[in-house]
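Data block below; observations after.
Residue numbers (the working numbering), protein chains in the order written: chain X, 1 to 158; chain G, 1001 to 1089.
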């Protein structure tokens, strides 16, 4: 069974997210597997902005249930209605998996910081959150991410 | 209880910071051994992970104040959680 937790003591694959750290890893003997970031339309958070009619100050709402706090919001008006957006802003538009030189084809590893977007958690209000980590198998050229799309995900632990 | 799924920070309903969820092993609730309805045991570090689904803010603050290393499980669909921020800070 593929997992997004490292129960099996697999080798950890780290990710470098800017030019300097990619080049440093290359100097230290890793082969950086460079990839473009490709934001998925399936990853989305929502917000709405309401503004106080007299002071001009705003509140940012992220939960539909906030709309029903009528006393709290009575003096506010909606200036941005509910809007979904991609909530991540990575420091470079590319990143690299740091591949150890001694990795072998077929080796199962654990990627701590996924470059690709997979849904890690779904909120019942339509928001979805990136999967951070997952097992993968090295095929000699790339990592095959062992993502299970049918698995229900909504829990956070820590 | 309030939770920001992007920063993984937990707050009370009165905006008191409680804890930032951070599991170095990226453990998931499903992989843990059930102890009872309120907690499970982590096989990596022998911690108990508390299910926050039925905790009040007061209970949560008391537990984390006494034992700051307490691990928590939050399901973003549980009834006592309000999602905040969502990357809009």
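Glycine is no exception: its CB is placed at the ideal position from the N, C-alpha and C atoms.
Fair warning: this is a prediction, and the values are worked out from it, not measured in the lab.
Determine the extent of the beta strand (DSSP E) in which residue 1009 (chain G) is found, giving its start and end residues.
-> Unbroken beta strand (DSSP E) run through residue 1009 (chain G): 1009 to 1011.
Looking only at its own chain, which residues have a Cβ that is under 6 Å from the Cβ of residue 1010 (chain G), when we skip the five neighbours before and after it?
-> Residues 1003, 1018, 1019 of the same chain have their beta carbon placed closer than 6 Å to that of residue 1010 (chain G), with the five preceding and five following residues left out of the count.
Counting only runs of 3+ residues fully inside the region 86 to 149 of chain X, write out the beta strand (DSSP E) ranges in chain order.
-> List check, beta strand (DSSP E) in window: 94 to 99, 108 to 111, 119 to 122, 128 to 130, 134 to 138, 143 to 145.
Listed from N- to C-terminal order along the chain, which residues in the region 92 to 125 of chain X have their beta-carbon within a distance smaller than 7 Å of any beta-carbon of chain G?
-> For the region 92 to 125 of chain X, the residues whose beta carbon sits under 7 Å from a beta carbon of chain G are, in order, 121, 123, 124.
Could you give the distance in angstroms between the alpha-carbon of residue 1088 (chain G) and the alpha-carbon of residue 102 (chain X)?
-> Each residue's Cα considered, the two are about 42 Å apart.
Option in X:60, X:44, X:131, X:108 with minimal Cα separation from residue 125 (chain X) | Checked all of X:60, X:44, X:131, X:108; the closest Cα to residue 125 (chain X) is X:44.
Could you check what DSSP says for residue 1060 (chain G) in three-state terms: helix, strand or coil?
-> Assigned with DSSP and collapsed to three states, residue 1060 (chain G) falls in helix.
Mind checking residue 90 (chain X): buried by the 16 CB within 10 Å criterion, or exposed?
-> The residue is exposed, with fewer than 16 neighbouring Cβ atoms inside 10 Å.
Decide yes or no for the touch test of the region 27 to 38 of chain X against the region 107 to 114 of chain X: beta carbon pairs closer than 8 Å, at least 3 of them.
-> By the criterion of at least three beta-carbon pairs nearer than 8 Å, the region 27 to 38 of chain X is not in contact with the region 107 to 114 of chain X.
Could you please give the first and the last residue of the uninterrupted alpha helix (DSSP H) stretch that includes residue 45 (chain X)?
-> It is not in any alpha helix (DSSP H) - residue 45 (chain X) instead sits in the beta strand (DSSP E) that spans 45 to 52.
Compare the C-beta of residue 132 (chain X) against all C-beta atoms of chain G and say whether one is closer than 8 Å.
-> True, the Cβ-Cβ gap to chain G drops below 8 Å.
Give the interface partners of residue 1008 (chain G) over in chain C, defined as CB-CB distance under 8 Å, in chain order.
-> Included in the structure are the protein chains X and G, with no chain C among them.
Could you check which residue in X:18, X:14, X:11 has the C-alpha nearest to that of residue 94 (chain X)?
-> It is X:18 whose Cα lies nearest to the Cα of residue 94 (chain X).
Provide the residue(s) that pair with residue 16 (chain X) in DSSP beta bridges, ordered along the chain.
-> The partner list for residue 16 (chain X) (beta bridge, DSSP) reads X:96.
Alpha carbon to alpha carbon, what distance is there between residue 62 (chain X) and residue 1086 (chain G)?
-> For residue 1086 (chain G) and residue 62 (chain X), the gap between their C-alpha atoms comes out near 6 Å.
Candidates X:122, X:55, X:98, of which the one nearest residue 77 (chain X) by Cα | Closest by alpha carbon: X:55.
Contacts of residue 1082 (chain G) in chain X (Cβ-Cβ under 9 Å) = Listed along chain X are 62, 63, 65, 66, each with a C-beta nearer than 9 Å to that of residue 1082 (chain G).
Sequence-distant residues of the same chain with beta carbon closer than 6 Å to residue 1078 (chain G), five excluded per side | Take residue 1078 (chain G), set aside five residues on each side of it, and the residues of its chain with a beta-carbon closer than 6 Å to its own are 1053, in chain order.
Sequence-distant residues of the same chain with beta carbon closer than 6 Å to residue 49 (chain X), five excluded per side = So the list reads 58, 60, 79, 80, once near-sequence residues are dropped.
Could you name the residues of chain G that residue 45 (chain X) contacts, counting a contact when the two beta carbons are closer than 7 Å?
-> By Cβ distance, chain G contributes 1086, 1087.
Can you pull the DSSP bridge partners for residue 1083 (chain G)?
-> G:1003.
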